[in-house]
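Student:
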Amino acid sequence: MYQLCYASQAKFQPETLLQDLRDILSEARDFNVKLKIKGVLCYADGCFFQCLEGEQNSVLNLLNKIEKDQRHSDLTILSQQYILSDSHFSDWSMKYIGRHSEVHHYFEQLGSSKFNPLLLQHESLQHFLQLLYLIPEQQL
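So in numbering that gives the first Met the number 0, spot 116 of the sequence shown is number 115, and the numbers just go up one at a time.
1) Can you tell which of 15, 37, 14 has the C-alpha that lies nearest to the C-alpha of residue 93?
2) What is the C-beta distance between residue 57 and residue 34, in whole angstroms, given that I count them as a contact (C-beta under 8 Å)?
3) For a quick check, are the C-beta atoms of residue 55 and residue 5 less than 7 Å apart?
4) Grab me the residues of residue 137's own chain with a C-beta within less than 8 Å of its C-beta, minus the 5 sequence neighbours each way, in chain order.
5) Let me know the secondary structure DSSP gives residue 57 once reduced to three states.
6) The alpha helix (DSSP H) that contains residue 129, what's its start and end?
Below, the structure written as structure tokens:
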């Protein structure tokens with residue numbers, strides 16, 4: 000199983016934020032089911048964090064598509080690796096986590112007053128993934 004995590008900056012207009020997020024999640028869930036990709040999308044404070052897990056070619060092809068999406072910019076790959084275990088997010092084609100007190104608290108521990116996935120390094124990234132796994136999925 001291949002895992003890829005990235006961060007990016009949203010380019011939404013405030014008045015279209017919710018609809019844009021709904022569209023992204025709908026597209027991701029449909030596409031990911033076809034490619035057997037699992038994952039999580041976290042959005043807060045104008046930033047995205049996404050972790051994708053699946054067959055390497057499928058994940059990299061999806062990344063290529065994501066990089067071309069005009070709804071975000073400044074995509075930064077935080078990690079890409081083979082993982083030995085099954086998917087952290089095997090129950091979700093795309094789990095969604097928005098603003099959440101536990102996420103906010105986690106980034107405060109990293110020294111940030113807001114959601115900033117660029118702060119995630121190897122160990123903190125793994126802890127963050129565990130946190131996202133444990134937080135119940137949120138609805139838009």
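Even glycine gets a Cβ: it sits at the ideal position worked out from N, Cα and C.
Just so it is clear, the structure is predicted and the values come from calculations on it, not from any experiment.
Tutor: Taking the coordinates as given:
1) Counting from one through the sequence shown, the residue named residue 93 turns up at place 94. If we check each option's Cα against that of residue 93, 37 comes out closest.
2) In the sequence shown, counting from the first residue as 1, residue 57 sits at position 58. In the sequence shown, counting from the first residue as 1, residue 34 sits at position 35. Right, the Cβ-Cβ distance comes to about 4 Å (below 8 Å), so this counts as a contact.
3) Start at 1 with the first residue of the sequence shown, and residue 55 comes out as number 56. Start at 1 with the first residue of the sequence shown, and residue 5 comes out as number 6. For the 7 Å CB-CB criterion, residue 55 and residue 5 do not form a contact.
4) Numbered from 1 along the sequence shown, position 138 holds the residue referred to as residue 137. Here the set comprises 95, 96, 97, 99.
5) The count along the sequence shown starts at 1 and reaches residue 57 at position 58. Three-state DSSP puts residue 57 in a helix.
6) Here residue 129 refers to the residue found at position 130 when the sequence shown is read from its first residue. Under the DSSP assignment, residue 129 falls in the alpha helix (DSSP H) whose first and last residues are 121-133.
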